[in-house]
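Below you'll find the structure, written out as structure tokens, and then a few comments.
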Amino acid sequence: MALAANNIDATEALIAAYPAPSGEGKWASDARVRALTTLRQSGAPVRRDEYWKFTNPARLLEPAKPAAILEADEVPVFEDTDKLLVVFVDGVFRADLSDDLTMEGVEIETLASAMSKDIHWAADIYGVLEANGQNPVSRPLAALNTAVATEGLVIHVTGKASKPIALRYIRSGADTDVMVHNVIKLDAGADLTLLESGPAAARFNSSLEVEIADSAALHHVRTQGRDHERLAATHMFARLGKESRFKSFTVTVNGVLTRNEAVIEFTGDDAFATVSGASAGDGAYHHDDTVFVTHDALNCESRQVFKKVLRNGATGVFQGKILVPSHAQKTDGYQIAQGMLLEDDCTFLAKPELEIYADDVICSHGSTCGAVDETALFYLTSRGVPKDQAQDMLVLAFMDESIQEIEDTALADEIRERLGGWVERHKD
Amino acid sequence: MLKIENLKASLEEEDKQILKGIDLEIGEGEVHAIMGPNGSGKSTLSYVLSGKGGYVVDGGSASLDGADLLDMEPEERAAEGLFLAFQYPVEIPGVGNMTFLRTAVNSQRKMRGEEELNAAEFLKLVRARAKDLKIDADMLKRPVNVGFSGGEKKRNEILQMAMLEPKMCILDETDSGLDVDAMKLVSEGVNAMRDGKRSFLVITHYQRLLDHIKPDVVHIMAAGKIIKSGGPELALQVENEGYADLLNEVA
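From first to last, the protein sequence lines stand for chains A and B.
Position one of the first sequence corresponds to residue 0 (numbering that gives the first Met the number 0), numbered consecutively onward.
Position one of the second sequence corresponds to residue 0 (numbering that gives the first Met the number 0), numbered consecutively onward.
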């Protein structure tokens, strides 16, 4: 279908807003050309698109507007975790603020360095997983990212990483417009924990492409927040080999508009993946999780567990799909999305989708939306817990099912603590 | 201790009066039992006393040691020393039993202006009390009542009661869903708390519980009123003859 004239203009404006990368290796420029072609075919996202009905993409297409930076009143995220810290300031890698990028079992390189080379393993992943993820649902902002992003890391994990790699996105300017693209390749049996944190930018577009080979494992924990006026569109593409594991959890507090897309594809048998998240917003808050899981192998298990706590007119969106082709027998797919509405003017929009062609599978999905359970509230208060404290306990308990998807208990506890802080700060 | 005068209450959502003038006075250290047919308002009485939402008090009063209960929030009533053991204890996924207990104990202490228990003191106390009720460490760690059997839930109610040390305990059909052994265990837990000062209101359908928890006074409730009061023999009469004769006698 031909694009409308105004969409062609919008798409070109989007591309023109970023400097065209040059002087890169052929594989990199080829990837960029492919992505630009994809983007020009699909056009910029519009409200009419099936997967943008619940979230108006218009604000994501405009240049970043000045957005207030929140004074840091909490310790930085993952402060107590022994980690290899990598810092980006306004989307630019800062070697002076980062740890030395060397660690046993891991090779880390900047995206710019990888792209300057004529031959690089990243050619098999960069823009490739993203391109796969464009079908059947187009993801124009991910294509844009592939076409123009010059910052990010290229990480090759060859063994068991001795500590997590923590990417910290610091934001210094009020009107920053940032694009980051990370690529991770895990060799067979390799194991890595990736942490991401920080408000990043007034407008942030990030892409993460992950190739997980047989029996490898990637644990991913990400915090988004707490700056409120920021916009974020993130994309995660993961391809899983035989008996591999991928666990990704995102906590989002505040943010006028956040769209987190995840595209998971099982290509090897007996693999496991979970994509989960807890989000909490107060007032002008719009948070969207859009997940697409394709079971292209036998006996794989996927989980999607999302909890959203909404206050004072906040909106939460969940669009989750599990696709099971006819050959993907013994698939186990689980999906739950729940909204807790603390006031009547909040909105939770959920679209769970199961598309199953195999006949020997277990797939379940559930979605609920409601207020704090009055019966539980009475039970707690009847034991002497003050009502507001009892409500906080129930709000945190509500989000806990998603936090339990995090494997590392220390990380899970830190997430709990941060959500506790948010709940404490957002009272009547 | 507990003084209820001409208490009348309706359901908030429908114009239906459930309690139609309850008069009841329970003295210090006394154990009273309330029996009555289904729908007579026994559970409603326990909810109205403890402050559950959804009910409107149409008239009358209820006080605990002179303090007006009906004017207080549920947590204030609890801090005053009122405790309701639920007929159906609520499952709360995501809230650890220990965290819940400690929060409850310390919230009450704080409201009463007492010093809060530190983690070590609390742990010591809860372990001792849990042991008496044969509640293992695993049950304490699990989320509140989640995956507990009927008997475990009721024992957990008694554990909360033992930790909170209320003045006035209301047990709403604590015997329902219990096998004989569990009933014995729960009753022993309750009896251990009888110290001549603490008072109990035991709501039950069956005389059997009253063999274990011996009441001083038995009340029969029907259609929102207490229609007859007497000694333990009244419970035996109900067990043997049912409510029909009693109801006719009053009518």
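Virtual Cβ for every residue (Gly too), placed ideally from N, Cα, C.
What you are looking at is a predicted structure, and each value in this text was computed from that prediction instead of being measured.
Please classify P135(A) as buried or exposed, where buried requires at least 16 other C-beta atoms within 10 Å of its C-beta.
exposed
Which residues in the same chain have their Cβ closer than 7 Å to the Cβ of I355(A), if we skip the five residues on either side of it in sequence?
V323, C362
Let me check one thing: in DSSP terms, what residues is R302(A) bridge-paired to?
T273(A), Y333(A)
Please decide whether E72(B) counts as near chain A, where near means a Cβ-Cβ distance under 8 Å.
yes
Any C-beta of chain A within less than 7 Å: which residues of the segment 127-149 of chain B qualify?
none
Contact between the segment 153-161 of chain B and the segment 83-99 of chain B is defined here as three or more beta-carbon pairs at a separation below 8 Å; is this criterion met?
yes
In whole angstroms, give me the CA-to-CA distance for D295(A) and K329(A).
11 Å
For V89(B), the three-state DSSP class (helix, strand or coil)
coil
With 16 other CB atoms within 10 Å as the buried threshold, where does G188(B) fall?
buried
Is there contact between the segment 230-250 of chain A and the segment 156-176 of chain A, where contact requires at least three CB pairs shorter than 8 Å?
no
Give the secondary structure of P142(B) by DSSP, where H, G and I count as helix, E and B as strand, and everything else as coil.
strand
Taking only three categories from DSSP, how would you classify R229(A)?
coil
Determine whether the Cβ of G93(B) lies closer than 8 Å to any Cβ atom of chain A.
yes
Just to confirm my understanding: we take F291(A), look at its own chain, exclude 5 residues before and 5 after, and list those with CB closer than 6 Å. What are they?
V262, K320
What does M110(B) touch in chain A if you count any residue whose Cβ is under 9 Å from its own?
G383, P385
Taking Q388(A) as the query, report the chain B residues whose CB atoms sit under 8 Å from its CB, ordered along the chain.
T102, S106
Interface residues of chain B facing F397(A) [CB-CB closer than 9 Å]:
P92, G93
Mind checking who M220(B) pairs with in its DSSP beta bridge?
I225(B)
Which same chain residues, not among the five before or five after E108(A), have their C-beta less than 6 Å away from its C-beta?
V153
When you compare only the Cα positions, how much space is there between A231(A) and M398(A)?
22 Å
Of all the beta strand (DSSP E) runs that stay within the bounds of the segment 127-192 of chain B, which reach a length of 3 or more residues?
167-171
Is there a C-beta anywhere in chain B that falls below 8 Å from the one on E73(A)?
no
Could you give the first and the last residue of the continuous alpha helix (DSSP H) run that contains G412(A)?
Sequence check: residue 412(A) is Asp here, not Gly. Taken as a continuous stretch (DSSP letters only), the alpha helix (DSSP H) holding D412(A) covers 408-424.
Could you tell me the alpha carbon to alpha carbon distance between S171(A) and P198(A), rounded to whole angstroms?
10 Å
Along the segment 251-281 of chain A, where does the CB come closer than 9 Å to a CB of chain B? Name the residues.
none
Just the C-alpha distance for D174(B) and Q206(B), rounded to the nearest angstrom, thanks.
10 Å
Using the Cα positions of I33(B) and D14(B), report the straight-line distance between them to the nearest angstrom.
25 Å
Between A316(A) and the rest of its own chain, which residues show a CB-CB distance below 6 Å, the 5 nearest in sequence each way excluded?
Note on identity: in this sequence residue 316(A) is Val, with Ala being the wrong assignment. These residues qualify, in order along the chain: F53, T54, D287, L348.
May I have the straight-line CA-CA distance separating V143(B) from S42(B), to the nearest angstrom?
22 Å
Could you confirm whether any beta carbon from chain A is found closer than 8 Å to the beta carbon of S39(B)?
no
Do A357(A) and H326(A) have their C-beta atoms within less than 8 Å of each other?
yes
Unbroken beta strand (DSSP E) run spanning A313(A), endpoints
Looking at the DSSP string, A313(A) is not in any beta strand (DSSP E), and its letter there is neither H nor E.
I'd like to know if L83(B) contacts chain D, where contact means its C-beta is closer than 8 Å to some C-beta of that chain.
Any reference to chain D falls outside this structure, whose protein chains are A and B.
Report all residues from its chain with a CB closer than 6 Å to the CB of S60(B); omit the five preceding and five following residues, and keep chain order.
E4
Close-in-space but distant-in-sequence residues of the same chain around E29(B) (CB under 8 Å, 5 per side omitted)
M0, S198, F199, D215, V216
Is L1(B) close to chain A, meaning its C-beta is less than 8 Å from at least one C-beta of that chain?
no
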